[in-house]
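*Asks:*
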Ligand code: DC
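Numbering (the working numbering), first residue to last: -3 to 227.
1. Say yes only if the C-beta of residue 36 is nearer than 8 angstroms to one or more non-hydrogen atoms of ligand 1, and no if none qualify.
2. Helix, strand or coil for residue 124 per DSSP?
3. By Cβ distance below 6 angstroms, which residues in the same chain neighbour residue 114 in space, the five residues on each side in sequence not counted?
4. Where does residue 43 sit, in a helix, a strand or coil, going by DSSP?
5. Between the segment 208 to 222 and the segment 136 to 145, do three or more beta carbon pairs fall short of 8 angstroms?
6. In the segment 103 to 169, which residue ranges form an unbroken alpha helix (DSSP H) of at least 4 residues, counting only runs that do not cross its ends?
7. Is it true that the segment 13 to 25 meets the segment 55 to 65, where meeting means three or more beta-carbon pairs spaced less than 8 angstroms apart?
8. Once DSSP output is grouped into helix, strand and coil, what is the label at residue 28?
9. From residue 33 to residue 76, what does the alpha carbon distance come to, in whole angstroms?
10. Using 8 angstroms as the cut-off, can you tell me whether the segment 176 to 184 makes contact with the segment 39 to 52, which would need three or more C-beta pairs spanning the two stretches below that distance?
11. Using only the heavy atoms of ligand 1, determine whether one of them is closer than 8 angstroms to the beta carbon of residue 181.
12. Rounding to the nearest angstrom, what Cα-Cα distance links residue 220 and residue 7 in this structure?
13. Quick check on this structure: which residue in 157, 146, 126 and 194 has the alpha carbon closest to the alpha carbon of residue 22?
14. Is it buried or exposed, residue 209, if we count other Cβ atoms within 10 angstroms and call 16 or more buried?
15. Taking just the CA atoms, how far does residue 0 sit from residue 148?
16. Kindly indicate which residue of 98, 118 and 87 has the alpha-carbon position closest to the one of residue 188.
17. Do residue 107 and residue 129 have their C-beta atoms closer together than 9 angstroms?
18. Can you tell me whether DSSP reads residue 51 as helix, strand or coil?
19. Buried or exposed for residue 101, going by 16 or more other Cβ atoms inside 10 Å?
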């Protein structure tokens, strides 16, 4: 059962928006000394590029060119997102960029480019990736696959609380509406829709605290790491 990867396992974390993937992905990576890769941030950074260059969100060719030309990177903490060296961490979270990200993520040529980069970044292992297609497309042979889910109302409420905690105005109804629209887009697009892989461990976080989710996942990864040690 050894992974054969140099730096550790590949941990895939998929699920709909707001299920807590990034919080848990980050915490898991920290626990095991792994790198955390927020693949959604890559689609978001490309969306920012499309918006600032007025590229129509259905112009597949122009978006593919923009994807190939964009240098998307993360700082050493994995928290700051850089687009051609410019910090776009806050910008990629705007409502406009969030909506545009869902559109650019539908384009096959864009996905191929970003998936290739994600595979390059994760191939040697020692990485936790969060996204929608990690277990199905980016790393179908990931050693551990999680699918985090939660009721839409709960996911919207978490997002609402997050914004309010930052002192930002927010409407719970608007958040829920956006979230349902994104779920629909992400689950019904023809290229790499969000799916639950058969070999993914499904965790419904609706009634769980982040601490409980983390404890569960850490336990499961530990078990897998023990199995990965050569005899
Ligand atoms: O996880 P997120 O909300 O930051 O993702 C932003 C958008 O990108 C969202 O619409 C889903 C899409 N996405 C994707 O299609 N594939 C991924 N691996 C990650 C995100």
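Positions of the beta carbon are idealized from the N, C-alpha and C atoms, including for glycine. From a predicted model like this one, the values you see are computed outputs, not experimental measurements.
*Replies:* Inspection of the coordinates gives the following:
1. yes
2. strand
3. 35 and 134
4. helix
5. yes
6. 104 to 118 and 148 to 161
7. no
8. helix
9. 11 angstroms
10. no
11. yes
12. 10 angstroms
13. 126
14. buried
15. 38 angstroms
16. 98
17. yes
18. coil
19. buried
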